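Participant: Everything in the sequence shown is counted per our numbering, starting at 344 for the first residue and increasing by one.
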Amino acid sequence: MDLSRSKLLLGLLLLCGCGMYSFRGNLPAHINSIAVAGVINQTAEFTVTDLMREEVTDLFVTENIIRVTDEGLSDSNLQITVNRVSDQPLTYTVGESVQEWRVNITTQVVWHDLIKNRPLFDKSFSGFGDYPAGGDIGSDNIDNDNDGEIDEEDEFGDPREFAILTALRKITEDILNEVVATW
Ligand SMILES: [Ca+2]
Ligand SMILES: [Ca+2]
344 MDLSRSKLLL GLLLLCGCGM YSFRGNLPAH INSIAVAGVI NQTAEFTVTD
394 LMREEVTDLF VTENIIRVTD EGLSDSNLQI TVNRVSDQPL TYTVGESVQE
444 WRVNITTQVV WHDLIKNRPL FDKSFSGFGD YPAGGDIGSD NIDNDNDGEI
494 DEEDEFGDPR EFAILTALRK ITEDILNEVV ATW
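1. Once the 5 residues before and after residue 476 are set aside, which same chain residues still bring their CB inside 8 Å of it?
2. Cα-Cα, which of 437, 404, 470, 432 is closest to residue 447?
3. What would DSSP say about residue 386, mapped onto helix, strand or coil?
4. Which residues neighbour ligand 2 when neighbourhood means a C-beta less than 5 Å away from any of its non-hydrogen atoms? List them by chain order.
5. What do you reckon, is the C-beta of residue 401 under 6 Å from a heavy atom of ligand 1?
6. Where does residue 506 sit, in a helix, a strand or coil, going by DSSP?
7. Taking the alpha-carbon of residue 379 as reference, which of 462, 428, 524, 421 has the nearest alpha-carbon?
8. Let me check one thing: in DSSP terms, what residues is residue 378 bridge-paired to?
9. Which residues mark the beginning and the end of the beta strand (DSSP E) in which residue 463 is found?
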């Protein structure tokens, strides 16, 4: 289920007055809150853990599917490990130098029930972002944020950082959808 569909589903449930708890499904009744634990970094990218934690926290707060609290106050938490950040050449120029790169990010995420001390899910999530070897991502003819539009106004900044953020956003959305699907 993608994010817009999960939003739609939430909207419909709220409209019909049944509220979010009606589709909690198998989620134990004692799980009412979630915290994002410190992200473990197994890569050489120093910024990726902070970015990951920020993105996940922001999205969970915005989507408001479960109460987000600080660590130590929640009855469940997300334990995220960034396993791999790797860059692969995607396209080459006629002179055979790399024209476009793809940064792939792989994470392992455990949604942990802290009351009963067991995992609710333990899954791998990955995402990618594309960026040019040089130049401006606002005019590189690449859809850097994978939203189906090329070189629109929100493609700007450091090309590789932007690609990393794009990959993390995809992973974040997948984590949120997995939490919803686990209910
Ligand atoms: Ca785009
Ligand atoms: Ca672009």
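Where is the CB? At the ideal position from N, CA and C, for every residue including glycine.
None of the values given here were measured: they were computed from a predicted structure.
Facilitator: Let's see:
1. The residues 440, 441, 442, 443, 444, in chain order, have a CB closer than 8 Å to that of residue 476 in the same chain once the five nearest residues on each side in sequence are set aside.
2. Out of 437, 404, 470, 432, 470 has the C-alpha closest to the C-alpha of residue 447.
3. DSSP places residue 386 in coil when its eight states are reduced to three.
4. Any heavy atom of ligand 2 counts here; residues with a Cβ closer than 5 Å to one of them, in chain order, are 480, 483, 485, 487, 494, 498.
5. In this structure, the C-beta of residue 401 stays at least 6 Å away from each heavy atom of ligand 1.
6. Under the three-state reduction of DSSP, residue 506 is assigned to helix.
7. Nearest option by C-alpha distance: 421.
8. Residue 378 is bridged to 420.
9. Start and end: 461-475.
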